[in-house]
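Okay, so here's the structure we're looking at.
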């Protein structure tokens, strides 16, 4: 079904090959997972399959790619429309409509299918993927997991033979990830050939037929279904991969002995209008050096709470106190920094260097600090690069470095490990521990259990707009956090 023969590829804006002499044969109906750190070449392989490389992402290529027996060098992207369906990391990048039913229909309409057939395809996609409850909904009202389901459904409706998914779980909570697993299992049973590029691999271990480990553009190891399923966390981590069995993860971060309650949430309430109520009663305290992981289902108000802390939204009820003093939104803006989940929203400069120093230059001390931060984030070599040229994980780490340069009392992180590989996750965790040791108060929204257990000193569980629980992280409460995230 898919044959990649001795392919090497270098992007036109890079001096380093993205792929080197790659040979890969994927059988019809096979489910293959591409593994490896950010920038190793996983995404480039998916782009070979859907012809985005080299037709859209230009560069120098050698070797041959055959899809369903056809040489892709003799094809254009449109020729593969009915054969290969692609689902990207951010489903918003492939939406064309404002409502879900129209989005499911779009690919079929574009292919010129008759109305009767189009309606049948929509009904089949909704029923087979268990997303009938998402029909006739506004795209803008969907959670990340629901958007991902619609993106898969829109591709599924066209009935391609091959499905390619690039880090589909990167922005999903635990429940949405489990639903994604169920969808992929359905697709596998229906005989689709499936290729998934992924960092978070725990949900794939029981459905993948084979795993391919890529390093520096080369295939360095192939794992059979049995070998992949039997990987231990230590073995996976030694290969630079995320843990494969989350139940075996233990808490490695423990509560700090805070001398004060520096940041206090005093019965915070909030709604976007008078009729709605996103947050009803958020009440907890965090001392200097605390790293508070904020968990809860998508839509419970975690990101909204961070925006309130940073003065970007005004609370409807309650107070936020800094060091015992109530703080209004304008003053909170000066004392805090928010690292957003979508890094593109807060990168503005022409280079990594200018982004770090806010285009204002910097004195020698600031430059030394900036260089040290870039080193910790693995970004030193990208100093002169445009932020838009960085990978998603690199952009995320750059935003964290910018937050550190501002040196606020409290820093908020909204899903800081979405799309990050194992090494990058550890880098972010280490930096947060360093900020904690400096007395910063850190608030972190996350669905990433592995990261939470490696990083946080406390957990705040939001449910129904309220603080359902607040507790220290230790070996005993680790299981409690797992149960909340996975509803076991």
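In this note's numbering, the protein residues as written are 157 to 644.
C-beta atoms are modelled at their ideal positions from N, C-alpha and C, and glycine is treated no differently.
For residue i, the three-state DSSP class (helix, strand or coil)
i	result
residue 519	coil
residue 565	coil
residue 139	This structure gives no information on residue 139, because the portion of the chain shown stretches from 157 to 644.
residue 570	strand
residue 179	strand
residue 222	strand
residue 478	strand
residue 500	helix
residue 189	strand
residue 167	strand
residue 639	helix
residue 607	helix
residue 206	coil
residue 196	coil
residue 514	coil
residue 426	strand
residue 348	coil
residue 612	coil
residue 542	coil
residue 634	helix
residue 331	helix
Euclidean distance between Cα positions of residue i and residue j
i	j	result
residue 435	residue 293	23 Å
residue 542	residue 381	40 Å
residue 196	residue 165	12 Å
residue 635	residue 327	23 Å
residue 393	residue 192	11 Å
residue 361	residue 383	10 Å
residue 259	residue 597	42 Å
residue 389	residue 329	21 Å
residue 579	residue 249	27 Å
residue 370	residue 190	7 Å
residue 483	residue 503	27 Å
residue 401	residue 385	10 Å
residue 525	residue 448	25 Å
residue 485	residue 253	36 Å
residue 428	residue 350	41 Å
residue 637	residue 564	29 Å
residue 554	residue 506	13 Å
residue 460	residue 419	17 Å
residue 297	residue 456	13 Å
residue 421	residue 359	35 Å
residue 569	residue 300	17 Å
residue 442	residue 417	5 Å
residue 639	residue 223	43 Å
residue 303	residue 295	7 Å
residue 168	residue 607	35 Å
residue 340	residue 466	38 Å
Buried versus exposed, by CB contacts within 10 Å (16 or more), residue i
i	result
residue 431	exposed
residue 354	buried
residue 278	buried
residue 218	exposed
residue 490	exposed
residue 474	buried
residue 544	exposed
residue 458	buried
residue 232	exposed
residue 183	exposed
residue 316	buried
residue 288	exposed
residue 206	buried
residue 247	buried
residue 212	exposed
residue 528	exposed
residue 586	exposed
residue 531	exposed
residue 604	buried
residue 264	buried
residue 210	buried
residue 268	exposed
heavy atom of the ligand PLP below 7 Å from residue i C-beta
i	result
residue 296	No copy of the ligand PLP appears in this structure; indeed no ligand is present at all.
CB contact below 8 Å: residue i versus chain D
i	result
residue 501	Given the protein chain composition of this structure (a single chain), no chain D is represented.
If you pair each beta-carbon of the stretch 441–452 with each one of the stretch 617–626, do three or more pairs fall below 8 Å? yes
Please go through the stretch 231–270 and give each complete alpha helix (DSSP H) segment of 4 or more residues, from N-terminal end onward. 256–266
Three CB pairs or more closer than 8 Å across the stretch 339–348 and the stretch 167–182: Between the stretch 339–348 and the stretch 167–182, the count of Cβ pairs shorter than 8 Å is below three; the stretches do not touch.
Contact between the stretch 571–590 and the stretch 547–560 (3+ Cβ pairs under 8 Å): yes
Would you mind listing the beta strand (DSSP E) stretches within the stretch 356–407 that are 3+ residues and don't spill past its ends, in chain order? 366–371, 374–380
Assess contact between the stretch 466–473 and the stretch 496–514, defined as three or more Cβ pairs (one per stretch) separated by less than 8 Å. Is contact present? no
Identify every run of the alpha helix (DSSP H) within the stretch 262–326, keeping only runs that are complete inside it and at least 4 residues long; order them along the chain. 271–284, 300–312
Check whether the stretch 228–243 touches the stretch 601–615, counting contact only when three or more Cβ pairs, one atom from each stretch, lie closer than 8 Å. The way I'd put it, the stretch 228–243 doesn't touch the stretch 601–615; fewer than three beta-carbon pairs between them come closer than 8 Å.
Can you list, in chain order, the stretches of the beta strand (DSSP E) that have 3 or more residues and sit fully within the stretch 432–488? 435–442, 447–451, 473–478
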